[in-house]
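Data block below; observations after.
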Amino acid sequence: MKLALKIQLALVAAIIVIMAGAAYVHVLLDFRDYQADMVQDHEFLGTALRDTVTSVWAADGEQRASSLMDSVSRMQPRIRVRLVDPSGADVGDHAAVATDAARQAVASGKIVHVRAAGSLCTYVPVTKLGDVHRAVEIAEPLSYEQERIRASILHNSAISIAMIVATSLVTGVLGFFLIGRPMRELERKARRVGAGDLSGPIGSRRTDEIGHFAKEMDAMCERLDEARKEVAAETAARIDALEQLRHADRMRTVGQLASGLAHELGTPLNVILGRAGLIEDPDATREETVENARIIVEQTRRMTGLVRQLLDFARRKGPDPRDVDVRDIVRPTAQMLSHLAGKARVTIRLDEPAEALTVSADPAQMQQVVTNLAVNGIQAMTRGGTLQISVGKRDAVPPPGHTGRPGMYAYVEVADEGMGIAPENVPHVFDPFFTTKEVGEGTGLGLSVAYGIVRDHGGWIELMSELGKGSRFVLYLPMAPSAPQPAGDCA
Ligand SMILES: Nc1ncnc2c1ncn2[C@@H]1O[C@H](COP(=O)(O)OP(=O)(O)OP(=O)(O)O)[C@@H](O)[C@H]1O
Ligand SMILES: [Mg+2]
47 MKLALKIQLA LVAAIIVIMA GAAYVHVLLD FRDYQADMVQ DHEFLGTALR
97 DTVTSVWAAD GEQRASSLMD SVSRMQPRIR VRLVDPSGAD VGDHAAVATD
147 AARQAVASGK IVHVRAAGSL CTYVPVTKLG DVHRAVEIAE PLSYEQERIR
197 ASILHNSAIS IAMIVATSLV TGVLGFFLIG RPMRELERKA RRVGAGDLSG
247 PIGSRRTDEI GHFAKEMDAM CERLDEARKE VAAETAARID ALEQLRHADR
297 MRTVGQLASG LAHELGTPLN VILGRAGLIE DPDATREETV ENARIIVEQT
347 RRMTGLVRQL LDFARRKGPD PRDVDVRDIV RPTAQMLSHL AGKARVTIRL
397 DEPAEALTVS ADPAQMQQVV TNLAVNGIQA MTRGGTLQIS VGKRDAVPPP
447 GHTGRPGMYA YVEVADEGMG IAPENVPHVF DPFFTTKEVG EGTGLGLSVA
497 YGIVRDHGGW IELMSELGKG SRFVLYLPMA PSAPQPAGDC A
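Using our numbering, you'd call the opening residue of the sequence shown number 47 and step up by one each time.
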């Protein structure tokens, strides 16, 4: 129920109670006044008539006194005046006094008022030579009194109704302008704030409680807006710092790969040099020259491809998530790392499904993740071995604290046959700057950067390691919603 309506109803209820009480008291007092007036009038008239009756009776007889009474009755239609016999029974023309108690009082010479047969009867004793012979009876119907009470009740009811209507109107109008409308504005504003829109202050000029509340709300929105801008700026700075960190990590890997690349470029360069020398030979046939030129073109393309691969990896790019086949991330990465692996006497074995495995991801960032895992694996195999990279999808349950749901996830598993990780180090390997490598060999950023990237993609990384036997890192990524998902594990 609306606040204004509640106040309105409370006021109306209070008015009804007050007016009903006031009307009751008013009617009661009015009734008493009227009764007192009636008694006083009766006594006054009765005393006057008694004196007159006594004189007329003495001068002209009782008959004349009675007819005098009749004349008075005719002149006053509201009352009836007559001479009655106080002895107990009707005597001749005279009726008896209304009640026994009244009769006794009259007999003892007192003026008596009784209510009988719907009238107020007053008896004034008439004495002759010291004896009470008759009494003047004045009877006035009580219907006048009831009429007056009814009129008084009607009058008070009319005033009460008028006051209720006026109060309802005034409280209704004031409630609308002072409470209803401003509260609706506050409600709209609160709803906008709840939806994240902090613009459009209420701008109330009122000085009452609602006005103060509206001003406080405007001030709160201003503060929230400032805080939001600060958070946005801090988040942007954080993202920027994270991106710089990731780039730094990438550049370190590029450095590691560059020496392998230099070695790899040596072979085609030697081939090109030799073939170019053969072209120079004046005895070379046209067919031989064409074949040598083709080989030079082929080797040059190979070199360009290798350099482009490295440049693509090193280039700084903003996050660019899109639907991408996981195989198209892992395959070139394995290829790019083969030179580094070869130097460490490590063979990279790639196991991938026949059909596409689409995830929504930034290819460059995911390539960085796989590279970091693979480089760690290669570095862990100090005596060489096999680095197994497997790609596929399977039902998986995200770790505690992860917001993802259990279901089908794409995975990339990087397993090495290296030294393994000491159990006490396992909880720390994803911490930034945690490294067990010699100074200058590792920064300890690789896994923390990989973890951050995978987390940003809605995935997670699992680690299993056995000291002296090897380690297995599995990164999980949510499947792209549009990707077809046949049942079963394709790994
Ligand atoms: N495959 C692995 N086998 C054994 N230990 C590993 C393996 N991967 C990571 N670690 C351990 O985790 C630590 C942290 O790895 P991380 O990749 O974050 O840093 P790093 O390899 O030491 O340095 P960077 O990656 O900057 O060259 C490593 O120093 C190593 O002790
Ligand atoms: Mg590393």
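Cβ atoms here follow ideal geometry from the backbone N, Cα and C, with glycine treated the same way.
Asked: Close beta carbons around residue 360, own chain, < 7 Å, minus the five adjacent residues each side; Found: 296, 297, 300
Asked: Own chain partners of residue 349 with C-beta closer than 6 Å, once the 5 adjacent residues on each side are dropped; Found: 311, 314
Asked: Meets three-Cβ-pair contact criterion under 8 Å: the stretch 190–201 and the stretch 112–123; Found: no
Asked: Within 5 Å of ligand 2: residues by beta-carbon to any heavy atom; Found: 422, 492
Asked: Beta bridge counterpart(s) of residue 439 as assigned by DSSP; Found: 456
Asked: Proximity winner among 169, 397, 196, relative to residue 457 (alpha-carbon distances); Found: 397
Asked: Sequence-distant residues of its chain with Cβ nearer than 7 Å to residue 494 (five each side left out); Found: 476, 477, 478
Asked: Where the alpha helix (DSSP H) containing residue 99 begins and where it ends; Found: 49–106
Asked: Exposed unless 16 or more other CB atoms sit within 10 angstroms - verdict on residue 462; Found: buried
Asked: CB contact flag (residue 266, residue 232, <8 Å); Found: no
Asked: Residue 370, buried or exposed, once every other Cβ within 10 Å from all chains shown has been counted against 16; Found: buried
Asked: Through-space distance from residue 182 to residue 113, alpha-carbon basis; Found: 13 Å
Asked: Close-in-space but distant-in-sequence residues of the same chain around residue 450 (CB under 7 Å, 5 per side omitted); Found: 444, 504, 524
Asked: Complete runs of the beta strand (DSSP E) confined to the stretch 158–215 [at least 3 residues]; Found: 158–162, 165–174, 177–187
Asked: Cβ-based burial, residue 169 [other Cβ within 10 Å; buried from 16]; Found: buried
Asked: N-terminal and C-terminal residue of the alpha helix (DSSP H) that residue 512 is part of; Found: Careful: residue 512 lies outside any alpha helix (DSSP H), inside the beta strand (DSSP E) at 506–512.
Asked: Cβ neighbours of residue 526 in the same chain (closer than 6 Å, five flanking residues each side left out); Found: 369, 404, 405, 406
Asked: Cβ-Cβ distance between residue 593 and residue 130 below 8 Å; Found: One cannot answer for residue 593 here, as it falls past the ends of the chain, which runs 47 to 537.
Asked: Coarse secondary structure for residue 369, derived from DSSP in three states; Found: strand
Asked: Span of the beta strand (DSSP E) around residue 521; Found: 516–524
Asked: The beta strand (DSSP E) enclosing residue 626, as first and last residue numbers; Found: Here the chain has residues from 47 to 537 only, and residue 626 is not among them.
Asked: Heavy atom of ligand 1 within 7 Å of residue 475 beta-carbon; Found: yes
Asked: Beta-carbon proximity list for residue 481, same chain, < 6 Å, skipping 5 on both sides; Found: 488, 490
Asked: Whether residue 250 touches residue 260 by CB criterion (8 Å); Found: yes
Asked: Ligand 1 heavy atom lying under 7 Å from the CB of residue 342; Found: no
Asked: Simplified DSSP assignment, three categories, for residue 449; Found: coil
Asked: Where residue 387 falls, given that 16 or more other Cβ within 10 Å makes a residue buried; Found: buried
Asked: Three-state secondary structure assigned by DSSP to residue 335; Found: helix
Asked: Within 8 Å, strictly: CB atoms of residue 492 and residue 421; Found: yes
Asked: Other residues of its chain near residue 145: CB distance less than 8 Å, five sequence neighbours each side excluded; Found: 160, 162
Asked: Residue range of the unbroken beta strand (DSSP E) whose run includes residue 128; Found: 126–130
Asked: Per DSSP, the bridge partner or partners of residue 119; Found: DSSP output for residue 119 lists no bridge partner at all.
Asked: Contact the stretch 60–75 vs the stretch 83–100: 3+ CB pairs below 8 Å; Found: no
Asked: Any non-hydrogen atom of ligand 1 closer than 7 Å to residue 316 Cβ; Found: no
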